[in-house]
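Undergrad:
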Amino acid sequence: MTDFLDTDYTQRFIFDDSDTRGELVSLERSYAEVLAKHPYPEPVAQLLGEFMAAASLLVGTLKFDGLLILQARSEGPIPLLMIECSSEREIRGLARYEADLIAPDATLADLMPNGVLALTIDPTVGQRYQGIVDLDGETLSDCFTNYFVMSQQVGTRFKLCADGRRARGLLLQQLPADRLKDEEERAASWQHITALGNTLTADELLSLDNETVLHRLYHEEQVRLFDVQKLRFHCSCSRERSGNALVSLGLEDAQQLVAEQGGSVEIDCQFCNQRYLFDAADIAQLFAGAGVETPSDTRH
Numbered sequence: 001m002t003d004f005l006d007t008d009y010t011q012r013f014i015f016d017d018s019d020t021r022g023e024l025v026s027l028e029r030s031y032a033e034v035l036a037k038h039p040y041p042e043p044v045a046q047l048l049g050e051f052m053a054a055a056s057l058l059v060g061t062l063k064f065d066g067l068l069i070l071q072a073r074s075e076g077p078i079p080l081l082m083i084e085c086s087s088e089r090e091i092r093g094l095a096r097y098e099a100d101l102i103a104p105d106a107t108l109a110d111l112m113p114n115g116v117l118a119l120t121i122d123p124t125v126g127q128r129y130q131g132i133v134d135l136d137g138e139t140l141s142d143c144f145t146n147y148f149v150m151s152q153q154v155g156t157r158f159k160l161c162a163d164g165r166r167a168r169g170l171l172l173q174q175l176p177a178d179r180l181k182d183e184e185e186r187a188a189s190w191q192h193i194t195a196l197g198n199t200l201t202a203d204e205l206l207s208l209d210n211e212t213v214l215h216r217l218y219h220e221e222q223v224r225l226f227d228v229q230k231l232r233f234h235c236s237c238s239r240e241r242s243g244n245a246l247v248s249l250g251l252e253d254a255q256q257l258v259a260e261q262g263g264s265v266e267i268d269c270q271f272c273n274q275r276y277l278f279d280a281a282d283i284a285q286l287f288a289g290a291g292v293e294t295p296s297d298t299r300h
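The opening position of the sequence shown corresponds to residue 1 in this note's numbering, with each subsequent residue numbered one higher.
1) Residues in the same chain with beta-carbon distance under 7 Å from T194, minus the five sequence neighbours each way, listed in chain order, please.
2) Considering just the uninterrupted stretch of the alpha helix (DSSP H) at V247, what are its terminal residues?
3) Quick check on S74: does DSSP put it in helix, strand or coil?
4) DSSP three-state label for E204, please.
5) Between which two residues does the beta strand (DSSP E) holding F271 run?
6) Give a yes or no on whether the C-beta atoms belonging to S74 and N114 are separated by under 8 Å.
7) Span of the alpha helix (DSSP H) holding T199?
8) From the DSSP output, in three-state form, read off A162 for me.
9) With DSSP run on the structure shown, which of helix, strand or coil describes C235?
10) Using only CA atoms, which one of L249, A32, F278 and S248 lies nearest to Q261?
11) Name the residue from F148, R128, Q127 and T7 whose alpha carbon lies nearest to the alpha carbon of L135.
12) Can you list, in chain order, the residues of its chain with a C-beta nearer than 7 Å to that of T139? Leave out the 5 residues immediately preceding and following it.
13) Can you tell which of R232, L206 and T199 has the C-alpha that lies nearest to the C-alpha of Y218?
14) Check whether the stretch 89–109 and the stretch 35–52 touch, using three or more Cβ-Cβ pairs below 8 Å as the test.
15) D16 to L231, Cα distance in whole Å?
16) How close, in whole Å, do the beta carbons of V321 and S56 come, if the pair is a contact with beta carbons under 8 Å?
17) If distances are taken between C-alpha atoms only, which option among H38, E184 and F51 comes closest to A162?
18) I'd like the span of the alpha helix (DSSP H) that includes L24, first residue to last.
19) Just to confirm my understanding: we take D178, look at its own chain, exclude 5 residues before and 5 after, and list those with CB closer than 8 Å. What are they?
20) How far does the beta strand (DSSP E) with E90 in it reach, from first residue to last?
21) Is V132 helix, strand or coil by DSSP?
22) So, at 6 Å on beta carbons, what are the nonlocal neighbours of V59 in its own chain, with the 5 sequence-adjacent residues on each side left out?
23) For L286, which beta-bridge partners are listed by DSSP?
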């Protein structure tokens with residue numbers, strides 16, 4: 001657990017003399033957990049890490065109980081990137097890809113042409129919200145920046161990077177006018193802060209701790225750094241959820257599926273590769289209302 005505390009977290013900061021806030025994210029253990037589930041090629045692993053970093057930063061900007069879902073879809077070698085991050089800061093992710101079509105030096109445009117980016121907020125209570133924009137940018141950092149410009153109209157800058165071992169991200173975002181009332185002064189402050197942020201290299205972000213990053217960028221500014229907020233990998237799949245999926249088919253179709261599959265149905269979680277097996281006795285127990293927590297043959 002010590003490693004988790006040290007490696008997976010977000011940390012907010014604020015500029016005392018400007019209407020700007022920021023956040024940094026670092027992911028190692030949860031990133032490793034996601035990569036361990038599938039043999040991702042290096043360019044896919046990198047994009048997946050950047051996507052995880054973006055989700056971790058975004059969940060901190062939202063005041064809600066529920067689930068944040070990021071999806072990028074395309075017509076290219078990576079048809080899907082998907083990350084789920086809960087308000088409890090539990091994260092999981094996956095990518096679908098065609099390995100034979102992925103070059104080691106492939107760019108985002110090569111991997112995800114004609115792509116779209118969808119951000120979905122699924123609250124525990126209330127209505128589901130989704131925003132969709134084109135996956136328009138040379139990098140994922142550009143795409144998420146453009147998302148906020150297009151759909152939220154909030155001054156925002158992302159810097160995302162991942163190397164297969166560590167995923168990192170920096171978010172800068174304008175706040176409502178408070179300290180700086182004059183529009184020209186406010187615009188100049190935002191330009192100054194983002195220009196300094198743009199000088200941060202991927203190597204620096206991946207190798208330096210948060211305090212060093214902020215000193216490197218903003219040693220002449222008044223910056224307050226808040227406590228870290230921990231994240232962890234967690235998959236929400238369960239035998240119960242898999243059983244509910246079978247219940248949704250109806251008894252006759254579920255029994256037929258078991259027969260067609262040679263006596264048992266296997267439901268695999270795409271996120272964590274957990275396998276859940278259901279045989280005829282399990283199906284009977286399920287539709288009798290006895291639950292599915294314990295498989296009839298102890299297979300799981």
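Where is the CB? At the ideal position from N, CA and C, for every residue including glycine.
Predicted model only: the values in this text are computed from it and were never measured.
TA: Answer, in terms of the structure:
1) R157 and L172
2) R239 to V247
3) coil
4) helix
5) No beta strand (DSSP E) contains F271, which DSSP labels as neither H nor E.
6) yes
7) Looking at the DSSP string, T199 is not in any alpha helix (DSSP H), and its letter there is neither H nor E.
8) strand
9) coil
10) F278
11) F148
12) L108
13) T199
14) yes
15) 27 Å
16) There is no way to answer for residue 321, as the model of the chain reaches only from 1 to 300.
17) F51
18) From DSSP, L24 is part of no alpha helix (DSSP H) but of the beta strand (DSSP E) over T20 to L27.
19) D19
20) E90 to R96
21) The question names Val, but residue 132 in the sequence shown is Ile. Three-state DSSP puts I132 in a strand.
22) L68 and C85
23) Its beta-bridge partners do not exist; DSSP assigns none.
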